[in-house]
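K.L.:
Here this note's numbering is used: the first residue of the sequence shown is 453, the next is one more, and so on.
Beta carbons: idealized from backbone N, C-alpha and C, even for Gly.
No experiment lies behind these values; they were computed from the predicted model shown.
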Amino acid sequence: MNRILLVDLGEREHKTREELRGRKLKYESILANKNLDGLNPTQQREYEAIKKTLASDITADPFYQVVAETVTQRPWKELATVNDFVHLYGLLGSQRMTGKLLGELRENEREIAGIAGLLQLDNHVDGTRDKGGLVRHISTAQGEYRANRALFDAAFKQLSTQYLVSIQSQIDSGLIDSDIVGCEWPGDDPGERRDAPSADRPFRPSGSDKVCALSARNVAAMVRRMAAAGVTANDPWLASRIQNGYDMQAGVIEGAPISSTEISLPEFDDASDQVAVRENLLGAQAVAFAAHCEDMNMFQVVEKCVDLFRTGLLPISRGKAGDYLYSYLKKSAERMTQNERLDLYRQVLGRNDGDPATPGNPEFKELWLRFIAAVSNFGRQLSVDRMLRTNVPVSVSQEQVRKAGRDLAANLSVHSFGIVRFAAAELQQTILEFRDALSDPELRGCVGARDMWQLIDQVNANYLGGLRNTHQHRTQARSSAVVIRWLANHSDRLAGRYGEVISVNALTNPQMSGSDQPMLNPNDWDLVQACEQWLAVEGVQDASVEQYSQSALSPPIPSRPVGSGNGLPPEARAVLDQAGFSLPGM
């Protein structure tokens, strides 16, 4: 029997280790640079911890560690010591034995894999910042798993012998860490076994070994869908339902194994902080991104393609593009209309479009410019100090950045309550679908476009009244998403009175620059670059940057939407007064 490789857990482990290797390399670059002062005590401790983690095969993914701790009610240190409930690069304990002893996943392994799959499906994967919140989600997922245990057992049993691939193919695809080779033996420091394998012992597992690639996330999605449809483990067509459901979820074509790559913009169920509700800022991030997509007419371009498809003027044959356009046409009544989107942009971003009766956000534009300008001015002053070879930045204060960031985060948060977080999820999914549809070779071929941006330009020029500046709008979409995500991730810095808001060390050391996922986890360098890019494509002059970076009185911003008096809007209070009703506090 072949090993069962949980590719989604293996992929998370690979990404975690790649991130740790990148941070280790940055620290080693600092240590090797004689012009720098070396690592501070915090960085030194982190550097030693990273080296220790990378010198072991034990799971490094903090998400999985919290899941294992919560399910077993045992500390991770104990689990790691006895190598219990630990996966090595996607291989659970029962799959790390000699070939003759290999078997199905054990019951406890199926449970922990199923729970991890459900959590990934709901995007509850943050095991570092909000561990308490993740523990609550794990308890909910465990209840769902146990309620559908029979379906999970049947799914794992049926799917665990399929989708045969080589370990090397998964390594080459960037899904599994290359240190999986030899993780059974010698089983200590991966760096010490990367030489040629010993001649007198098998180097297990090797890159040529065949494994059955299985995604716990896709299994969880398939089981959840069957349970919602009322399918039970006694269903006579259960095997067919499992196979078809998994293939549909995974996107398998002609039986080839794949691993679903998660694309995520916002997470909507995180904890709040003193300055702003984080989930509101994540909703605002998606709304701002969608607003710039609206500026380039992306929604209208897709709708025009659907209209041409409906009238027979778009020569598309059977395929993914035709399927999507037909589905879009049939489900048009379920999507947000353009007027609803414009109302949303008015509510969150203070735009002038939309229904004038919709509550707007008139303070947003100035608060946005003040924060962008403050960050840009701070970065420019550091650059000047660096050119002048001063060791300590001169006349550079972070307090204006802190104040401007706090004002902007609070403003976005209070205007993103209610429907915003739900609409943002829909907009995110819609834009992902648009990206895939407009990038389809067949659809692009209909107008002779090289990429989706040329397709948008062609449709705008020929059908929608003229070209739009797509470069400007897509640059601002990305920059705005980075800025708002940074506010959401680092609002604790804005709430405090002490400490750095933007790390001077990160901006002055090139080795520390750039995050791999700036729209998901932007660092301080990403923030400064996003602000500079936004100002550049908007055409803001240096004099205006200097002006907006100056201190100004903050507008009154509540922590949540309020009316007057006891929280009722004035109109509601007047109606109650006329009707003779009196509520406590009125």
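1. Would you kindly check if the distance between the Cβ of L781 and the Cβ of V753 is under 9 Å?
2. Note down the Cα distance separating E714 from R473, rounded to an integer number of angstroms.
3. For a test of the three-state rule: what should DSSP assign to R676, helix, strand or coil?
4. Determine the direct distance from the alpha carbon of V997 to that of P970, and round the result to whole angstroms.
5. Ignore the nearest five residues each way along the sequence and tell me which others in S546's own chain have a CB closer than 7 Å to its CB.
6. With a 10 Å radius around its C-beta and 16 neighbouring C-beta atoms as the bar for buried, classify P974 as buried or exposed.
7. Quick one: what does DSSP say S865 is sitting in, helix, strand or coil?
8. Just the Cα atoms here: how many angstroms apart are S618 and A738?
9. Output the boundary residues of the alpha helix (DSSP H) element that contains K504.
10. Please state the DSSP three-state secondary structure of L919.
11. In or out: E644 buried (at least 16 other Cβ within 10 Å) or exposed?
12. Do V523 and I564 have their CB atoms nearer than 9 Å?
13. Below 8 Å on the Cβ atoms is my contact criterion, and I expect R930 with L972 to pass it. Report the Cβ-Cβ distance as a whole number of Å.
14. Would you please state the rounded distance, in angstroms, between the beta carbons of A889 and M788? I believe it to be under 8 Å.
15. Over the uninterrupted beta strand (DSSP E) stretch that includes A738, give me the two end residues.
16. Cα-Cα, which of A665, E755, Q928, T580 is closest to L821?
17. On the three-state DSSP scale, how would you describe E456?
18. Cα-Cα, which of A512, L627, S779, A665 is closest to G579?
19. Below 9 Å between beta carbons: does that hold for H867 and V800?
20. Give me the Cβ distance between F608 and V663, rounded to the nearest whole Å; I'm assuming they're in contact under 8 Å.
21. So Y541 and G659 are supposed to be a Cβ contact under 8 Å. How far apart are they, rounded?
22. Could you tell me which of D687, G634, M674, N686 sits nearest to Q701, measuring between CA atoms?
23. Taking the alpha-carbon positions, what's the R464 to R669 distance?
24. With DSSP collapsed to three states, give me the class of S931.
25. Any idea what DSSP makes of L840, helix, strand or coil?
26. Residues in the same chain with beta-carbon distance under 8 Å from L571, minus the five sequence neighbours each way, listed in chain order, please.
27. In whole angstroms, give me the CA-to-CA distance for Y615 and R798.
28. One question on the structure: do I456 and S612 come within less than 9 Å of each other, judged by their Cβ atoms?
29. I'd like to confirm the pairing. Which residues does DSSP put opposite K662 in its beta bridges?
30. Please report how far the alpha carbon of K783 lies from the alpha carbon of G900, in whole angstroms.
31. In terms of DSSP beta bridges, what is L540 paired with?
32. Straight-line CA distance for E755 to L864?
P.N.:
This is what the structure gives:
1. L781 is positioned such that its CB atom lies no closer than 9 Å to that of V753.
2. With a pLDDT of 40 at E714, under the threshold of 50, the modelled position of this residue cannot be trusted; read the value that follows with caution. Those two C-alpha atoms are separated by around 22 Å.
3. If DSSP states are grouped into helix, strand and coil, R676 belongs with the helices.
4. Going from the Cα of P970 to the Cα of V997 covers about 24 Å.
5. The residues are G555, L557, R558, E561.
6. With 16 or more other Cβ atoms within 10 Å, it is buried.
7. Annotated three-state conformation of S865 is helix, per DSSP.
8. Roughly 38 Å between the two C-alpha positions.
9. Unbroken alpha helix (DSSP H) run through K504: 493-506.
10. Under the three-state reduction of DSSP, L919 is assigned to coil, being neither helix nor strand.
11. Burial call: exposed.
12. Taking the C-beta atoms as reference points, I564 is found nearer than 9 Å to V523.
13. Not really, about 12 Å apart at Cβ, beyond 8 Å.
14. So it is not a contact: roughly 17 Å between Cβ atoms.
15. A738 -> not in any beta strand (DSSP E); alpha helix (DSSP H) instead, spanning 730-747.
16. Closest by alpha carbon: Q928.
17. The sequence shown places Ile at residue 456, not Glu. Note: I456 maps to strand in three-state DSSP.
18. Ranking A512, L627, S779, A665 by Cα distance to G579 puts A512 first.
19. Closer than 9 Å, so yes.
20. 15 Å between Cβ atoms; not a contact.
21. The Cβ separation is near 12 Å, so there is no contact.
22. The shortest C-alpha separation from Q701 is found at M674.
23. In a straight line, the C-alpha of R464 is about 12 Å away from that of R669.
24. In the structure shown, S931 sits in a helix (DSSP, three-state: H, G or I).
25. Low confidence applies to L840: its pLDDT is 48, below 50, so where it sits in the model is not reliable enough to give any reading.
26. Excluding positions up to five away in sequence, the list reads F515, V519, V577, L586, H589, I590, A593.
27. Whole-angstrom Cα-Cα distance: 49 Å.
28. Closer than 9 Å, so yes.
29. Under DSSP, the beta-bridge partners assigned to K662 are S618.
30. The C-alpha of G900 is placed about 28 Å away from the C-alpha of K783.
31. Per DSSP, L543.
32. CA-CA distance, E755 to L864, rounds to 30 Å.
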